[in-house]
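K.L.:
For the protein sequence lines, the chains are F and S, in the order given. All residue numbers for the first sequence refer to numbering that gives the first Met the number 0, where the first residue is 0 and numbers rise by one. All residue numbers for the second sequence refer to numbering that gives the first Met the number 0, where the first residue is 0 and numbers rise by one. Quick one: this structure, given as structure tokens, is what I'll be asking you about.
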Amino acid sequence: MFKDLRNFIFINTSLILFIIIWQLIALKLDNRVILPDFFEVWKIITNPFEEIIGMGSLASNILVSFVRVFAGYFMAVVTAVPIGIFMGYSKNINRFFNNFFNLFKPVPPLAWVPLVMAWFGVSSFATIAGLETGRWYVYLNNLKFSMIFIIFIGGFYPILTSTIHGVRGVRKILLDSAHVLGASKKDIFLKILIPAAAPSIVNGMRIGLGVSWMCLVSAEMLPGSLSGVGYLITHAYSVARTDIVIAGMISIGATGALLDSIFQAFERRKFKWQKLSK
Amino acid sequence: MAETLKVKNIMDIKEENLIEFKNISKTFKGENNNNVKALDDFSFKIKNGEFISVVGPSGCGKSTILRIAAGLLDATSGEIFFKGSVLESTHDKIGMVFQEYSLLPWRNILDNTALGLEFKKTGLKKRVETARYYLNLVGLEGFEQSMPHELSGGMQQRVAIARAMATDPEVLLMDEPFGALDAHTRSLMQHELLKIWEKNKKTIIFVTHSVDEAVYLSDKIIVMSKRPGKIKKIFDIDKKRPRKRKDISWGILTSEIFELLQDDGS
Ligand SMILES: Nc1ncnc2c1ncn2[C@@H]1O[C@H](COP(=O)(O)OP(=O)(O)OP(=O)(O)O)[C@@H](O)[C@H]1O
Ligand SMILES: [Mg+2]
Numbered sequence: 000m001f002k003d004l005r006n007f008i009f010i011n012t013s014l015i016l017f018i019i020i021w022q023l024i025a026l027k028l029d030n031r032v033i034l035p036d037f038f039e040v041w042k043i044i045t046n047p048f049e050e051i052i053g054m055g056s057l058a059s060n061i062l063v064s065f066v067r068v069f070a071g072y073f074m075a076v077v078t079a080v081p082i083g084i085f086m087g088y089s090k091n092i093n094r095f096f097n098n099f100f101n102l103f104k105p106v107p108p109l110a111w112v113p114l115v116m117a118w119f120g121v122s123s124f125a126t127i128a129g130l131e132t133g134r135w136y137v138y139l140n141n142l143k144f145s146m147i148f149i150i151f152i153g154g155f156y157p158i159l160t161s162t163i164h165g166v167r168g169v170r171k172i173l174l175d176s177a178h179v180l181g182a183s184k185k186d187i188f189l190k191i192l193i194p195a196a197a198p199s200i201v202n203g204m205r206i207g208l209g210v211s212w213m214c215l216v217s218a219e220m221l222p223g224s225l226s227g228v229g230y231l232i233t234h235a236y237s238v239a240r241t242d243i244v245i246a247g248m249i250s251i252g253a254t255g256a257l258l259d260s261i262f263q264a265f266e267r268r269k270f271k272w273q274k275l276s277k
Numbered sequence: 000m001a002e003t004l005k006v007k008n009i010m011d012i013k014e015e016n017l018i019e020f021k022n023i024s025k026t027f028k029g030e031n032n033n034n035v036k037a038l039d040d041f042s043f044k045i046k047n048g049e050f051i052s053v054v055g056p057s058g059c060g061k062s063t064i065l066r067i068a069a070g071l072l073d074a075t076s077g078e079i080f081f082k083g084s085v086l087e088s089t090h091d092k093i094g095m096v097f098q099e100y101s102l103l104p105w106r107n108i109l110d111n112t113a114l115g116l117e118f119k120k121t122g123l124k125k126r127v128e129t130a131r132y133y134l135n136l137v138g139l140e141g142f143e144q145s146m147p148h149e150l151s152g153g154m155q156q157r158v159a160i161a162r163a164m165a166t167d168p169e170v171l172l173m174d175e176p177f178g179a180l181d182a183h184t185r186s187l188m189q190h191e192l193l194k195i196w197e198k199n200k201k202t203i204i205f206v207t208h209s210v211d212e213a214v215y216l217s218d219k220i221i222v223m224s225k226r227p228g229k230i231k232k233i234f235d236i237d238k239k240r241p242r243k244r245k246d247i248s249w250g251i252l253t254s255e256i257f258e259l260l261q262d263d264g265s
């Protein structure tokens, strides 16, 4: 028990030091717009269901953001994983797509904004559902295509790259022995390639989720956005509420870290064989 | 009428060669014309039920022959006939045990052993039964639920043998299967292999570095020259088994093969 506490303090020392220094500087500056008191920010975070500057609560904004990230990320997974598997498997498929994908890879997701706005404007899932009013309209209208596209682009490349890498790295002897044992093409994919590449694919999915989450703020700064943590931050900035800005940033960071650690725990449990069979 | 014909056919196959290597050559294309000629005009006929060993210096193309026979590699020229027809890809009656570790690291030992049966869509119950039977045969009962990384190299290789046997191939290609075993286990496994071979009438092509092992096991020994691999000499061994190391003929044969392997300056 005592040991646990000591351990907890040790691994969080840097964080605690950071907060102390922040607090000291804040007290010295005594300017809420430049650097608010730590406890003001803390109060916002610890009361996530309280209404903030007429924009709903912190929790509800996180939820909206979460659904957006999930929608974009989901699309990134269902496209990048299969494409990556085929590109990793076949030299020709790889050569066919490689230049195309590589050309867009270095383009930062934010640079897509003008084009995406021209394509999608403020249309959303509510537009395809044909809704113009009502409760569902409010929900679906939050899922703007433009935002989801930005988040999708962010998640797509890390997943694609890791998937290709994972499939390429499958030891040839595993494929050879499967062939001799009478594996069909389908067997090769489902029973050899995918399980063998799974650790790398899941690792790519973890990194992709991180990047998708990072793209959130840029996505929620797009016109037509009226909710979400990213929007909360920009809106709070315009009314000089730095404490809300910081609380928003911390929520994004904490949510991202939480998702990442869930992934990591999954990887540790499921892919134990990978570390041990080297 | 049809009956007699059928019987005659089976007789024919028994009489004829099960596998025939006909003028097999293999050149590996390397970077900037750095080609490696691994095999040169390898011709050999194997009858049904024969136990053939291949010995030769490292890099002389022994694994290459087996990979071509398994249908994993195309010969640059020449052909392989299996039961009279040209072998073009893998064949469900030809199994192989590889020189490298080849178990799937994410599957337990039982599921690894049953892999081939899974590909052949055998039912679950039969699969488990067969896999257990062959695991017992290679002395690995009790390890069904272990993962490959929990087994020693020699044990993993025995699983690979059980896995190859489980699909009941007629021809078993074995690439230094006992290389990673200690002397004691090795001699046990040699004994077991002979038992399986005699009982199930398999045809085996067995690559080894051990002349002793080849003499103990085989009907014929192919001695290869160094790269590009050519057949240097074929030894026919008296079929009588078990062979005794103290026999005079044993000593004569082993030393003759040793000498042949040694003077490879030519
Ligand atoms: N895929 C390949 N690409 C290029 N060269 C190859 C390839 N496979 C084998 N070789 C070359 O062909 C030659 C024969 O290789 P092989 O693996 O058949 O030898 P081996 O007799 O099995 O040797 P060892 O006893 O060491 O296992 C070697 O010189 C090797 O470098
Ligand atoms: Mg070899």
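Backbone N, C-alpha and C define an ideal beta-carbon position, used for all residues, glycine too.
So, is the C-beta of F:S176 closer than 8 angstroms to a C-beta in chain S?
P.N.:
Taking the first sequence and counting its residues from 1, one reaches residue 176 of chain F at position 177. At least one chain S Cβ lies under 8 angstroms of F:S176.
K.L.:
May I ask you to report which of helix, strand or coil DSSP gives F:G53?
P.N.:
If you number the first sequence from 1, residue 53 of chain F lands on position 54. Three-state result, F:G53: coil.
K.L.:
S:K119 touches chain F at which residues, Cβ-Cβ below 8 angstroms?
P.N.:
Here the question's residue 119 of chain S lines up with position 120 in the second sequence. Result: G181.
K.L.:
S:G94 lies in the beta strand (DSSP E); which residues open and close that run?
P.N.:
Start at 1 with the first residue of the second sequence, and residue 94 of chain S comes out as number 95. Note, S:G94: beta strand (DSSP E), I93 to V96.
K.L.:
Please name the residue in F:L139, F:G209, F:V238 and F:S250 whose C-alpha comes closest to that of F:G229.
P.N.:
Reading the first sequence from its first residue, position 230 is the one you call residue 229 of chain F. Nearest option by C-alpha distance: F:S250.
K.L.:
Can we count S:A68 as close to ligand 1, meaning its CB is less than 7 angstroms from some heavy atom?
P.N.:
The sequence position of residue 68 of chain S within the second sequence is 69, counting from 1. Because no heavy atom of ligand 1 lies under 7 angstroms away, the Cβ of S:A68 does not count as near it: no.
K.L.:
Would a check of beta-carbon distances place F:L192 closer than 8 angstroms to chain S?
P.N.:
Against the first sequence, residue 192 of chain F aligns to sequence position 193. Not one chain S Cβ lies under 8 angstroms of F:L192.
K.L.:
Would you mind telling me which residues of chain S sit closer than 7 angstroms to F:I172, beta carbon to beta carbon, in chain order?
P.N.:
On the first sequence, residue 172 of chain F is found 173 positions in, with the first residue counted as 1. Within 7 angstroms Cβ-Cβ: F97, E99 and S101.
K.L.:
Kindly say whether S:T89, judged by its beta-carbon, lies nearer than 8 angstroms to any beta-carbon of chain F.
P.N.:
Sequence index remark: in the second sequence, residue 89 of chain S carries index 90 (1-based). At a cut-off of 8 angstroms between beta carbons, S:T89 contacts chain F.
K.L.:
If you compare alpha carbons, which of F:E266, F:I261, F:A253 and F:K271 is closest to F:I44?
P.N.:
Start at 1 with the first residue of the first sequence, and residue 44 of chain F comes out as number 45. Taking only the C-alpha atoms, the option nearest F:I44 is F:A253.
K.L.:
Where are the alpha helix (DSSP H) runs, 4 residues long or more, that stay fully inside the region 105–139 of chain F, in chain order?
P.N.:
112–119 and 124–128
K.L.:
Taking CB distances under 8 angstroms as the criterion, tell me whether S:M188 reaches chain F.
P.N.:
Translated into positions along the second sequence, residue 188 of chain S becomes position 189. Judged by the 8 angstroms Cβ criterion, S:M188 is not in contact with chain F.
K.L.:
With distances taken from each beta carbon to the nearest heavy atom of ligand 2, which residues come in below 6 angstroms, in chain order?
P.N.:
S:K61, S:S62, S:Q98 and S:D174
K.L.:
Under a Cβ-count criterion, where at least 16 other Cβ atoms within 10 Å of its own Cβ denotes burial, should F:I15 be classed as buried or exposed?
P.N.:
By 1-based counting over the first sequence, the position of residue 15 of chain F is 16. F:I15 should be labelled exposed.
K.L.:
Mind checking whether S:D174 and S:F118 have CB atoms under 8 angstroms apart?
P.N.:
Mapped onto the second sequence, residue 174 of chain S falls at position 175. Mapped onto the second sequence, residue 118 of chain S falls at position 119. Going by C-beta atoms, S:D174 is not nearer than 8 angstroms to S:F118.
K.L.:
Output yes if chain F places a C-beta closer than 8 angstroms to the C-beta of S:V6; else output no.
P.N.:
Locating residue 6 of chain S in the second sequence gives position 7, counting from the first residue. Residue placement at S:V6 cannot be trusted, given a pLDDT of 49 that sits under 50; the coordinates are not used to answer.
K.L.:
Would you say the beta carbon of S:S224 comes nearer than 7 angstroms to a heavy atom of ligand 1?
P.N.:
Along the second sequence, read from residue 1 onward, the residue named residue 224 of chain S stands at position 225. For ligand 1, not one heavy atom lies less than 7 angstroms from the Cβ of S:S224.
K.L.:
Is it buried or exposed, S:P147, if we count other Cβ atoms within 10 angstroms and call 16 or more buried?
P.N.:
Within the second sequence, residue 147 of chain S is the residue found at index 148, counting from 1. S:P147 should be labelled buried.
K.L.:
Would you call the region 149–158 of chain F in contact with the region 90–110 of chain F, where contact means no fewer than 3 C-beta pairs closer than 8 angstroms?
P.N.:
Of all C-beta pairs linking the region 149–158 of chain F to the region 90–110 of chain F, three or more are shorter than 8 angstroms, placing the two stretches in contact.
K.L.:
Quick check on S:W105 - is its C-beta less than 8 angstroms from some C-beta in chain F?
P.N.:
Translated into the one-based positions of the second sequence, residue 105 of chain S becomes position 106. True, the Cβ-Cβ gap to chain F drops below 8 angstroms.
K.L.:
For ligand 1, any of its heavy atoms closer than 7 angstroms to the Cβ of S:G266?
P.N.:
Shown here, chain S extends from 0 to 265; a query on residue 266 of chain S therefore has no answer.
K.L.:
Could one say the Cβ of F:S276 lies closer than 8 angstroms to chain S's Cβ atoms, at least one of them?
P.N.:
Residue numbering aside, residue 276 of chain F sits at position 277 when the first sequence is read from its first letter. It does: the Cβ of F:S276 has a partner Cβ on chain S nearer than 8 angstroms.
K.L.:
Any residues in the region 48–82 of chain S with a beta carbon nearer than 7 angstroms to a beta carbon of chain F? Which ones, in chain order?
P.N.:
Within the region 48–82 of chain S, A69 and L71 place their CB atoms closer than 7 angstroms to a CB of chain F, listed in sequence order.
K.L.:
Tell me which same chain residues have a C-beta within less than 7 angstroms of the C-beta of S:Y133, skipping the five on either side of it?
P.N.:
Residue numbering aside, residue 133 of chain S sits at position 134 when the second sequence is read from its first letter. The residues are T112, A161, M164 and A165.
K.L.:
Identify the contact partners of S:M146 in chain F, using a Cβ-Cβ distance below 7 angstroms as the criterion.
P.N.:
Indexing the second sequence from 1 puts residue 146 of chain S at position 147. Within 7 angstroms Cβ-Cβ: W272.
K.L.:
Rank S:L17, S:G122, S:S24 and S:K28 by C-alpha distance to the C-alpha of S:V85 and give the top, closest one.
P.N.:
As a first step, residue 85 of chain S must be located in the second sequence, where it is residue number 86. Ranking the options by Cα distance to S:V85, first place goes to S:L17.
K.L.:
Within 7 angstroms: the Cβ of S:A161 and any heavy atom of ligand 1?
P.N.:
For the purposes of this step, residue 161 of chain S is taken as the residue at position 162 of the second sequence. S:A161 Cβ: outside cutoff for every heavy atom of ligand 1.
K.L.:
Within 8 angstroms (strictly less), CB to CB, does S:G153 reach chain F?
P.N.:
Stepping through the second sequence from its first residue, residue 153 of chain S is reached at position 154. False, the Cβ-Cβ gap to chain F never drops below 8 angstroms.
K.L.:
If you drop the 5 nearest sequence neighbours on each side, which residues of the same chain put their C-beta closer than 8 angstroms to that of S:G228?
P.N.:
Position 229 of the second sequence, counted from the start, is the residue given in the question as residue 228 of chain S. Within the same chain, S:G228 has close Cβ partners A37, L38, D39, F41, G55, C59, G60, K61, T63 and I64.
K.L.:
Thinking C-alpha only, which one of F:Y88, F:S64 and F:L208 is nearest F:K171?
P.N.:
Translated into positions along the first sequence, residue 171 of chain F becomes position 172. Among F:Y88, F:S64 and F:L208, the Cα nearest to that of F:K171 belongs to F:Y88.
K.L.:
Span of the beta strand (DSSP E) holding S:D39?
P.N.:
In the second sequence, the residue the question calls residue 39 of chain S occupies position 40. Where S:D39 is concerned, the enclosing beta strand (DSSP E) stretches over V35 to K46.
K.L.:
Does ligand 1 have even one heavy atom less than 7 angstroms from the beta-carbon of F:V244?
P.N.:
As a first step, residue 244 of chain F must be located in the first sequence, where it is residue number 245. No, since every heavy atom of ligand 1 falls outside the 7 angstroms radius drawn around the Cβ of F:V244.
K.L.:
Closer than 7 angstroms by beta-carbon distance: list the chain S residues that pair up with F:D186, in chain order.
P.N.:
Mapped onto the first sequence, residue 186 of chain F falls at position 187. Neighbours of F:D186 on chain S, chain order: F118.
K.L.:
Jot down the residue ranges of each uninterrupted alpha helix (DSSP H) in the region 19–93 of chain F, minimum 4 residues, whole runs only, in chain order.
P.N.:
37–45 and 57–88
K.L.:
Starting from the beta carbon of S:T129, find every residue of chain F whose beta carbon is closer than 9 angstroms, and list them in chain order.
P.N.:
Position 130 of the second sequence, counting from 1, holds the residue named residue 129 of chain S. Near S:T129 there are no residues of chain F at all, since even the closest Cβ is about 13 angstroms away, more than 9 angstroms.
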